[in-house]
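Enquirer: The following block contains the structure, expressed as structure tokens.
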Amino acid sequence: CWIKRADTSGDDWFWGNTNYNVNGGWAFHITTGNTLQCRFMTYNISGPVLADTAWHHIAAVRNGNYITIYKDGIGSGGSVSGAYSGNYGLTIGNLGPYYGPYTNARCTCWTDDLRITKGVARYTSNFSNDLPTEYFPTQ
């Protein structure tokens with residue numbers, strides 16, 4: 007999707023499907039240190055820094071046991087294991103429906119063209135010279 011932050015202070019939780027311990031689902035956010043991070047089950051996968059208020063294309067892709075976080079087509083990531091076991095509703099604009107002690111689990115950004123795909127790794131290598139400009143075909 008494309009995101010534009012309103013400011014660079016605090017955590018920005020884009021979307022999530024998790025409990026308050028972040029142990030049963032997944033979430034995507036920017037940390038207080040301006041690092042893109044994907045939480046999957048008990049794993050915290052850190053990606054590139056996003057410390058401005060410009061529009062950026064971001065993506066988190068799980069391909070097997072590896073999650074890659076992309077910013078403007080350049081990726082970094084880490085290994086994970088296990089299957090998703092959460093049974094929580096998707097929330098856009100904060101951590102998730104059960105964010106409990108995360109009182110700052112909010113999003114002060116704009117999101118455009120959000121897409122969640124199950125079973126297909128949309129990006130498997132860097133694509134900075136080929137950022138998406140139209141929808142993906144159905145597979």
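Residue numbers (our numbering): 7 to 145. Every residue, glycine too, gets a C-beta built ideally from N, C-alpha and C.
#1: Using the Cα positions of Ser-131 and Gly-81, report the straight-line distance between them to the nearest angstrom.
#2: Leaving out five residues on either side along the sequence, give the residues of the same chain with a beta carbon under 6 Å from the beta carbon of Gly-99.
#3: Considering only the alpha carbon of each residue, which of Gly-16, Arg-68 and Ile-122 lies closest to Asp-58?
#4: Taking buried to mean at least 16 other C-beta atoms within 10 Å of its own C-beta, is Leu-96 buried or exposed?
#5: May I have the straight-line CA-CA distance separating Asn-135 from Asp-78, to the nearest angstrom?
#6: Looking only at its own chain, which residues have a Cβ that is under 8 Å from the Cβ of Asp-13, when we skip the five neighbours before and after it?
#7: Enumerate in chain order the residues of its own chain whose CB-to-CB distance from Val-55 is below 6 Å, with the five nearest sequence positions on each side excluded.
#8: Going by the beta-carbon positions, is the gap between Cys-44 and Leu-120 smaller than 8 Å?
#9: Checking the sheet assignment: what are the DSSP bridge partners for Ile-75?
Expert: This is what the structure holds:
#1: Whole-angstrom Cα-Cα distance: 7 Å.
#2: Excluding residues within five positions, the ones whose Cβ falls inside 6 Å are Cys-113.
#3: That would be Gly-16, whose Cα lies nearest to the Cα of Asp-58.
#4: Under this definition Leu-96 is an exposed residue.
#5: Whole-angstrom Cα-Cα distance: 9 Å.
#6: Result list for Asp-13: Thr-59 and Thr-114, in chain order.
#7: So the list reads Asn-40 and Thr-41, once near-sequence residues are dropped.
#8: When the beta-carbon positions are compared, Cys-44 and Leu-120 stay at least 8 Å from each other.
#9: Ile-75 is bridged to Ala-66 and Ser-82.
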